[in-house]
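Engineer: The following block contains the structure, expressed as structure tokens.
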Amino acid sequence: MAKLHPLKAVGLVALVGTLVAIIAAPSPQLRKHPSRKAVRIWHMWSGEWKEVVDDIVAKYNASQDKYEVVPLSLPEGAETKLQMGIAGGDPPDAIVEWNPVIPTWAQAGLLQPMDELMTPAERAGYDRDAYPVVKRIGIYNDHIYGLAVGLNLSACYVRKDILKEAGVDPETWVPKTLEELEEVGHRMDRRDKNGNLTRIGFMPVGFNALAPAYGGGLYDWNGKQQVTIDTPENRTAMRHSAEARKRLGFDDVVRFQSSQGSDFGGAWSFIQGYYGILMDGQWRVEQLRKYAPDVPYRVFPLPPPKGGLPLAGSTGGNFILIPKGAKNVDGAWDFVKWWNGLDDPNTAADPFVKMAQMPPSRAVANTEIYRRYLKENPAFAVFVSMLPSRNIQPLPPVPYQLFLSDKRNAAEDAAQRGSISPDDSLKRLDQQVRAEIARRKSLGYPQ
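Okay, structure coming up:
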């Protein structure tokens, strides 16, 4: 096959990027405020959530008369389209992302550092009010590249009716330790006459949540700020993860989960009673409210293992970014601040409530609108109460995040299957990451 000349390849990329930009450009005929400066925003929400985003944008556009935000939903291929748009010299003015891309894109020079756009007062407000985990996710090399418009945390959803079967008071019981939680969970397991699982009392917690609870994790946030893998704390967490799955039977759990249907609407396995206690995200509160209001349940944070750390776990989120080469950085920044609540938390409270999203800062959480929402949704308030914790960890802020995440998942899977010991799985993971760092350095990357 004939090879494409390098210059022609660059030209082709630029041409494709230009075509993407043309397709994504807002038509003047479709704009409601053509006299204003357009701010093009890409996001990945679709369906009913697209409608919510459209409503948020409409409220921003009605709040001022200088800019018009024009949203575009790109449920598939947003990352590729963004890079093509940048190559073509016409990216959007902002993009909302929930995949772990910030360090990779920042190192590649694709993002505008937001701390360089902040006034001293805005930076002081961010440092004062943003939750610890918010500050950890949106950074790379001590720069802020993303502001949160949503965070994800996990806590224990408990079926009160199933808990009562285990002889535990479903209204008051809150386990003090992970071991106590697991013991009660064992009582709720059910199998048929052939030994097949028909209900899991407590679905075992994975390494991602356990490592911070044991005082470990994949990054030293409070010390040398570097990746940490084969440590005593992480080995304990990986052993716990493997042993918990071994007790139920790895293949038994796989068969059990594969027999269940959709995770959406009223078909969610927790709603159907397949679990007594299940770790899941805050968005399930809204799902339960809409599709299963009669299901009796409670929510509480994962308790620490004996001697471990409370309110620990992992997180991700939705972050709004400003690409390098954006035509209207000022307009994008104005919208970013408005949605995040950096300047005025009251403007952000309504969007966060409408999307059933956790607040990025104490200031937003303390608004009257958000406090009212939490009073009406006490289960959701449990998640918000976890946000001040410094024991919640996102992926390390390194440009090989996806590589690290994939290899970590593979290491845990191998340990749970019993194909390798938990300790050896971490040793191998450590070797893989060191090799990847060396490979990147050989290619000229700083890390």
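Per my numbering, the sequence shown starts with residue 1, numbered consecutively. C-beta: ideal position from N, C-alpha, C; glycine also.
In the DSSP assignment, find the beta strand (DSSP E) that holds residue 280 and state where it starts and stops.
Structural biologist: Start and end: 275-281.
Engineer: Measure the alpha-carbon distance for residue 27 versus residue 83 and round it to whole angstroms.
Structural biologist: Note that residue 27 has pLDDT 49, beneath the 50 cutoff, so the model's placement of it is unreliable and the number below is only indicative. Whole-angstrom Cα-Cα distance: 22 Å.
Engineer: What does the alpha-carbon distance come out to for the pair residue 370 and residue 391?
Structural biologist: So the two alpha carbons sit approximately 24 Å from each other.
Engineer: Since residue 130 sits in a beta bridge, which residues does DSSP pair it with?
Structural biologist: DSSP, once it has assigned bridges, lists 361 as partnering residue 130.
Engineer: If you run the structure through DSSP and keep just helix, strand and coil, what is residue 37?
Structural biologist: Residue 37: strand per DSSP, three-state reduction.
Engineer: Would you mind listing the alpha helix (DSSP H) stretches within the segment 90-148 that are 4+ residues and don't spill past its ends, in chain order?
Structural biologist: Entirely contained in the segment 90-148, the alpha helix (DSSP H) runs reaching 4 residues are, in chain order, 102-107, 120-129 and 132-137.
Engineer: Any idea if residue 182 is buried or exposed, counting beta-carbon neighbours within 10 angstroms, 16 or more meaning buried?
Structural biologist: By the 10 Å Cβ count, residue 182 comes out buried.
Engineer: Does the distance from the CB of residue 448 to the CB of residue 352 come in under 8 Å?
Structural biologist: One cannot answer for residue 448 here, as it falls past the ends of the chain, which runs 1 to 447.
Engineer: What span of residues does the alpha helix (DSSP H) with residue 397 cover, start to end?
Structural biologist: Per DSSP, residue 397 belongs to no alpha helix (DSSP H) and is neither H nor E.
Engineer: Just confirm the distance between the C-beta atoms of residue 129 and residue 361, as a whole number of angstroms; I'd bet it's less than 8 Å.
Structural biologist: Confirmed, Cβ separation roughly 4 Å.
Engineer: Please confirm whether residue 214 and residue 393 have their CB atoms less than 8 Å apart.
Structural biologist: Cβ atoms of residue 214 and residue 393: not closer than 8 Å.
Engineer: Excluding five sequence neighbours on each side, which residues of the same chain lie with their C-beta closer than 6 Å to the C-beta of residue 8?
Structural biologist: In this prediction, residue 8 scores a pLDDT of 42, lower than 50, which makes its location untrustworthy; no coordinate-derived value is stated.
Engineer: Would you kindly work out how many angstroms separate the C-alpha atoms of residue 307 and residue 236, rounded to a whole number?
Structural biologist: Computed Cα separation, rounded: 12 Å.
Engineer: Assuming residue 114 contacts residue 145 under a Cβ cut-off of 8 Å, what Cβ separation, rounded to an integer in Å, is found between them?
Structural biologist: Contact flag correct, Cβ pair sits at about 6 Å.
Engineer: From the DSSP output, read off the bridge partner residues of residue 162.
Structural biologist: BP columns for residue 162 are empty, so no partner.
Engineer: Nearest to residue 187 by CA position, among 87, 275 and 65, is which residue?
Structural biologist: For the residues 87, 275 and 65, the minimum Cα distance to residue 187 belongs to 275.
Engineer: For residue 415, collect the residues of the same chain with a Cβ closer than 6 Å to its Cβ; drop the 5 residues on either side in sequence, then sort them by chain order.
Structural biologist: Excluding residues within five positions, the ones whose Cβ falls inside 6 Å are 238, 242, 422 and 425.
Engineer: Rounded C-beta distance between residue 383 and residue 358? I'm assuming under 8 Å.
Structural biologist: Confirmed, Cβ separation roughly 6 Å.
Engineer: Could you tell me which of 60, 47 and 46 sits nearest to residue 338, measuring between CA atoms?
Structural biologist: With distances taken between Cα atoms, residue 338 lies closest to 60.
Engineer: Mapping the DSSP letters down to three states, classify residue 442 as helix, strand or coil.
Structural biologist: Note: residue 442 maps to helix in three-state DSSP.
Engineer: Could you check whether residue 148 and residue 409 sit closer than 8 Å to each other, using their CB atoms as the reference points?
Structural biologist: Against a cut-off of 8 Å, the Cβ pair of residue 148 and residue 409 comes out as no contact.
Engineer: Closer than 7 Å to a non-hydrogen atom of the ligand NAP - does that hold for the CB of residue 130?
Structural biologist: Because no ligand of any kind appears in the structure shown, any question about the ligand NAP cannot be addressed here.
Engineer: Short of 7 Å in beta carbon distance, which residues of its chain neighbour residue 191, apart from the five on each side in sequence? Order them along the chain.
Structural biologist: 197 and 198.
Engineer: Could you give the DSSP three-state label for residue 63: helix, strand or coil?
Structural biologist: In this structure, residue 63 counts as helix in the three-state DSSP scheme.
Engineer: Is residue 157 closer than 8 Å to residue 40 when the C-beta atoms are compared?
Structural biologist: Not in contact: residue 40 and residue 157 (Cβ atoms no closer than 8 Å).
Engineer: Apply the 10 Å Cβ neighbour rule to residue 99 and answer buried if 16 or more other Cβ atoms are within range, or exposed otherwise.
Structural biologist: With fewer than 16 other Cβ atoms within 10 Å, it is exposed.
Engineer: Which full runs of the beta strand (DSSP E) of 3+ residues lie inside the segment 162-212, going along the chain?
Structural biologist: Entirely contained in the segment 162-212, the beta strand (DSSP E) runs reaching 3 residues are, in chain order, 197-202.
Engineer: Sort 367, 309 and 356 by Cα distance to residue 346 and report the nearest one.
Structural biologist: Of the listed residues, the one whose Cα sits closest to residue 346 is 367.
Engineer: The beta strand (DSSP E) with residue 321 in it runs from where to where?
Structural biologist: Segment 316-321, the beta strand (DSSP E) holding residue 321.
Engineer: Are the segment 400-407 and the segment 165-175 touching, with three or more C-beta to C-beta distances below 8 Å?
Structural biologist: No: the two stretches stay apart, fewer than three of their Cβ pairs being nearer than 8 Å.
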